[in-house]
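Engineer:
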Amino acid sequence: MVFSSPVFLFAFLTAVYIIYRIIPAMTAKNILLLIFSLLFYTYGEPKALLLMIISIEMNYQFGRAMKQENKYRKSTMICAVTANLLMLGAFKYAGFGAGLLNITIPHIALPIGISFYTFQAMSYVIDAYNNPEYIQKSRFKLALYITFFPQLVAGPIVKYYDFVNQIDRREHIPEQTAKGIKRFITGLSKKLLIANTMAIAADYVYSLDMTDLSVPLAWLGAVSYLFQIYFDFSGYSDMAVGLGAMFGFTFRENFNYPYISQSMQDFWRRWHISVSTWFKEYLYIPLGGNRKGKVRTAVNKLIVFFCTGLWHGASLNFIVWGLINGAFMMIESYKIIKPEKWLRPFRHIYTMFVTVLAFVFFRADDLPEACRFIGHMFCPLGDSVQTAMFMKQITPMYLIMLVLAVIFSIPVVQIISEKAGTEKSSGIYEVCSYAVSLVLLGLCIITLSSDSYSPFIYFRF
15 MVFSSPVFLF
25 AFLTAVYIIY
35 RIIPAMTAKN
45 ILLLIFSLLF
55 YTYGEPKALL
65 LMIISIEMNY
75 QFGRAMKQEN
85 KYRKSTMICA
95 VTANLLMLGA
105 FKYAGFGAGL
115 LNITIPHIAL
125 PIGISFYTFQ
135 AMSYVIDAYN
145 NPEYIQKSRF
155 KLALYITFFP
165 QLVAGPIVKY
175 YDFVNQIDRR
185 EHIPEQTAKG
195 IKRFITGLSK
205 KLLIANTMAI
215 AADYVYSLDM
225 TDLSVPLAWL
235 GAVSYLFQIY
245 FDFSGYSDMA
255 VGLGAMFGFT
265 FRENFNYPYI
275 SQSMQDFWRR
285 WHISVSTWFK
295 EYLYIPLGGN
305 RKGKVRTAVN
315 KLIVFFCTGL
325 WHGASLNFIV
335 WGLINGAFMM
345 IESYKIIKPE
355 KWLRPFRHIY
365 TMFVTVLAFV
375 FFRADDLPEA
385 CRFIGHMFCP
395 LGDSVQTAMF
405 MKQITPMYLI
415 MLVLAVIFSI
425 PVVQIISEKA
435 GTEKSSGIYE
445 VCSYAVSLVL
455 LGLCIITLSS
465 DSYSPFIYFR
475 F
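Each residue of the sequence shown is one higher than the last, beginning at 15 in my numbering.
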């Protein structure tokens, strides 16, 4: 079940929210959320529900075994992390590893959302090891943390220590609910109006035979995918944050306008913040971070970005994408490239140039295709047929959404909101923002009635 589907919007969400508001007790509200979260996952992946329940019980038992008086706490934590990684590896990476070793194994279907809920489960056992106060005595509360439907299948990854205190103590005020609904509509609009329009052009270009690619077509595909992945994934994150707010939960931001970045280090402070901070806290710092010399720091960063790429998918493409990002992070940190000394436009061009090229590896089917695609981005070949193919994709709708994608890749709304700081103008701004949200919701409903199914990109991870 996807957030941008009529089933979710008009049946599932409507039902769970109405019942949630009627129920007075917090415990009953939490039970309701757990039941509906399990139903949400079962609707999309009924066969994988048992695996998720096994993961919950396994991590619950590991957590209980890490009581402060247990002298084997560290060994238990290591076993817990290993068990989670083995489970993730068996379902996500077994086929990839077998392919590299030229071994044939039966195909194993990838359970939806396993990368996200496994990382949340590991967050729990590591936090429980670091602070025994976080050891959860209630299976039900741990299950709610791991299965909570707004961020279950595509994030953002919510760390246990950020979630646990909200289970029993959270506010339900009209202002928070209204802002949550508005945030959800913003994310829905990003997905249905911008990301899906960009996807049409990106999918068309990447489906072409390499002999049909010209420079304009290749750049059209690369730029379209650049905006598709951002508005698709940030749109999902907006919807998750908005849904959380509707039920009283506060999630941390997952994106902070990454396409205004002035360096690759800046980019990774703004892009997919939940996964980058997860790797920083639970992998980079335990490896030693930057505390053990320049060589060890470089190795640690490469390990982190290798794992970041591999986490996204069982493919050499994703590993190369991660290593490209890691390499530029190191080049900047060792001052081989010094973007901070360049003029601002050149810093931005450099960052986006690297990002566009790296995302070709993210999108292409395999490494040879990615390399050939990048070659076509700089090889001046083409004829009138390819020009016609290019112009066919440049529809009025595409151009409108491309302009909006560029505009909303920068903090326009945030700037307007800050300028509407006075009490009088703030009230006008609020009214206008909710009016715009209603218009966007109407456009989304119209789009839903005529659009074909388009899953979120990160569902496959």
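Heads up, the beta-carbon is just placed ideally off N, CA and C, and yes, glycines get one too. Since we're looking at a predicted model, the values are computed, not measured.
Once the 5 residues before and after residue 211 are set aside, which same chain residues still bring their CB inside 7 Å of it?
Structural biologist: 411, 412, 415.
Engineer: Let me know the secondary structure DSSP gives residue 266 once reduced to three states.
Structural biologist: Residue 266: coil per DSSP, three-state reduction.
Engineer: Using C-beta distances below 6 Å, list every residue in its chain close to residue 323, excluding the 5 sequence neighbours before and after it, in chain order.
Structural biologist: 332, 333, 335, 336, listed in sequence order.
Engineer: Is DSSP giving residue 306 helix, strand or coil here?
Structural biologist: Three-state DSSP puts residue 306 in coil, outside helix and strand.
Engineer: Between the alpha carbons of residue 320 and residue 32, how many angstroms are there, rounded?
Structural biologist: Cα-Cα distance, rounded: 44 Å.
Engineer: Please confirm whether residue 234 and residue 255 have their CB atoms less than 8 Å apart.
Structural biologist: Contact: no.
Engineer: If residue 273 sits next to residue 423, beta carbons under 8 Å apart, how far is it from one beta carbon to the other, in whole angstroms?
Structural biologist: The pair is a contact, with the Cβ atoms about 4 Å apart (cut-off 8 Å).
Engineer: Is residue 95 helix, strand or coil when you go by DSSP?
Structural biologist: Helix at residue 95.
Engineer: Residue 252 and residue 200 - do their beta-carbons sit closer together than 8 Å?
Structural biologist: For residue 200 and residue 252, yes; Cβs fall inside 8 Å.
Engineer: Determine the extent of the alpha helix (DSSP H) in which residue 204 is found, giving its start and end residues.
Structural biologist: First-last for residue 204: undefined, no H or E at that position.
Engineer: Whose C-alpha, out of 60, 404, 26, 143, is nearest the C-alpha of residue 80?
Structural biologist: Among 60, 404, 26, 143, the Cα nearest to that of residue 80 is on 143.
Engineer: Within the chosen definition, does the segment 184 to 196 reach the segment 227 to 241 through at least 3 CB pairs nearer than 8 Å?
Structural biologist: These segments do not touch.
Engineer: CB residue 59 to CB residue 126, shorter than 8 Å?
Structural biologist: Contact: yes.
Engineer: Of the residues 351, 137, 315, 394, which one's Cα is nearest the Cα of residue 340?
Structural biologist: The option with the nearest alpha carbon to residue 340 is 315.
Engineer: Nearest CA to the CA of residue 365: which residue from 374, 342, 134, 384?
Structural biologist: Considering only alpha carbons, the answer is 342.
Engineer: Just the C-alpha distance for residue 99 and residue 92, rounded to the nearest angstrom, thanks.
Structural biologist: Residue 99 and residue 92: Cα-Cα distance of roughly 11 Å.
Engineer: So, using beta-carbon positions, are residue 241 and residue 208 closer together than 8 Å?
Structural biologist: Cβ atoms of residue 241 and residue 208: closer than 8 Å.
Engineer: Using DSSP with H/G/I as helix, E/B as strand and the rest coil, what is residue 115?
Structural biologist: The answer is coil: DSSP assigns residue 115 none of H, G, I, E or B.
Engineer: Applying the 10 Å Cβ sphere with the 16-neighbour rule, what's the burial state of residue 134?
Structural biologist: Flag for residue 134 reads buried.
Engineer: Contact between the segment 370 to 378 and the segment 302 to 318 is defined here as three or more beta-carbon pairs at a separation below 8 Å; is this criterion met?
Structural biologist: Result no; under three Cβ-Cβ pairs closer than 8 Å.
Engineer: Going by alpha carbons, who is nearest to residue 49 out of 40, 401, 37, 30?
Structural biologist: Here the closest residue by C-alpha is 30.
Engineer: Residue 232 to residue 391, Cα distance in whole Å?
Structural biologist: If you take the alpha carbons of residue 232 and residue 391, they lie about 5 Å apart.
Engineer: Reducing DSSP to helix, strand and coil, say where residue 162 ends up.
Structural biologist: Coil at residue 162, not helix or strand.
Engineer: Which class does residue 143 belong to by DSSP, given the choice of helix, strand or coil?
Structural biologist: Here residue 143 sits in helix by DSSP.
Engineer: Would you report the Cα separation of residue 244 and residue 375, rounded to the nearest angstrom?
Structural biologist: When rounded, the distance between both Cα atoms is 15 Å.
Engineer: Could you please give the first and the last residue of the uninterrupted alpha helix (DSSP H) stretch that includes residue 184?
Structural biologist: No alpha helix (DSSP H) holds residue 184; DSSP gives it neither H nor E.
Engineer: Nearest CA to the CA of residue 249: which residue from 206, 384, 359?
Structural biologist: It is 206.
Engineer: Check for me: the alpha helix (DSSP H) holding residue 275 runs from which residue to which?
Structural biologist: Careful: residue 275 lies outside any alpha helix (DSSP H) and carries neither H nor E.
Engineer: With DSSP collapsed to three states, give me the class of residue 103.
Structural biologist: Three-state result, residue 103: helix.
Engineer: Suppose you measure from the CA of residue 301 to the CA of residue 136; what does that come to, to the nearest Å?
Structural biologist: If you take the alpha carbons of residue 301 and residue 136, they lie about 16 Å apart.
Engineer: What would DSSP say about residue 379, mapped onto helix, strand or coil?
Structural biologist: In this structure, residue 379 counts as coil in the three-state DSSP scheme.
Engineer: Do the segment 139 to 155 and the segment 109 to 125 touch if we need at least three Cβ pairs shorter than 8 Å?
Structural biologist: Touching, no.
Engineer: Considering only the alpha carbon of each residue, which of 67, 198, 174, 173 lies closest to residue 452?
Structural biologist: Among 67, 198, 174, 173, the Cα nearest to that of residue 452 belongs to 198.
Engineer: Compute the distance between the beta-carbons of residue 15 and residue 24, then report whether it is under 8 Å.
Structural biologist: Cβ distance not < 8 Å, so residue 15 and residue 24 don't count as in contact.
Engineer: Entirely within the segment 44 to 83 and at least 4 residues each: give me those alpha helix (DSSP H) ranges in chain order.
Structural biologist: Counting whole runs of 4 or more residues, the segment 44 to 83 contains the alpha helix (DSSP H) stretches 63 to 78.
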